[in-house]
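Numbering-wise (this note's numbering), the sequence shown opens with residue 4 and increments by one.
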Amino acid sequence: MTTPNLSLSSFKRNTVEFIEQMKETGKPVVLTVNGKAELVVQDAQSYQKLLDTLEKLQAVAGIKQGLEDVEGGRTTTLSEFEEEMREKYGISS
4 MTTPNLSLSS
14 FKRNTVEFIE
24 QMKETGKPVV
34 LTVNGKAELV
44 VQDAQSYQKL
54 LDTLEKLQAV
64 AGIKQGLEDV
74 EGGRTTTLSE
84 FEEEMREKYG
94 ISS
């Protein structure tokens, strides 16, 4: 997916039109200052979808890591975990 680049001054002059375009396409726009990318603007719904996707991918990665730990024998018992937490947080039994 190619993200369109646009000068900040052009965005300022045509803000309403560009917002409508982003809502229609769901694609972000890279805003440039002096030809250099400085900001990314995206409609709220598309941004939320991006955050939701990232959250799911992070959860899947965590699950995969947990399964690899189990397969590799890198586990602790509940008793060991409780003791570790007591020591770490100064909780008496």
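Where a beta carbon is used, it is the ideal one built from N, C-alpha and C, also for glycine.
Within the same chain, show all residues whose beta-carbon is closer than 7 Å to that of residue i, passing over the 5 residues directly before and after it, in chain order.
i	result
S96	R89
With DSSP as the reference, please indicate the residues paired to residue i in a beta bridge.
i	result
V33	N8 and V43
Could you check how far apart the C-beta atoms of residue i and residue j are, in whole angstroms? I think they sit under 8 Å.
i	j	result
T2	V33	Nothing about residue 2 can be reported from this structure: the residues present for the chain run from 4 to 96 only.
T35	N8	6 Å
With 16 other CB atoms within 10 Å as the buried threshold, where does residue i fall?
i	result
D72	exposed
Alpha carbon to alpha carbon, what distance is there between residue j and residue i?
i	j	result
E100	L54	The chain is shown from 4 up to 96; residue 100 falls before or after that span and cannot be answered.
K26	D46	6 Å
T28	L60	23 Å
Going by beta carbon distance, what residues of the same chain come within less than 8 Å of residue i, once the five residues before and after it are set aside?
i	result
N37	none
S49	M25, G29, K30 and P31
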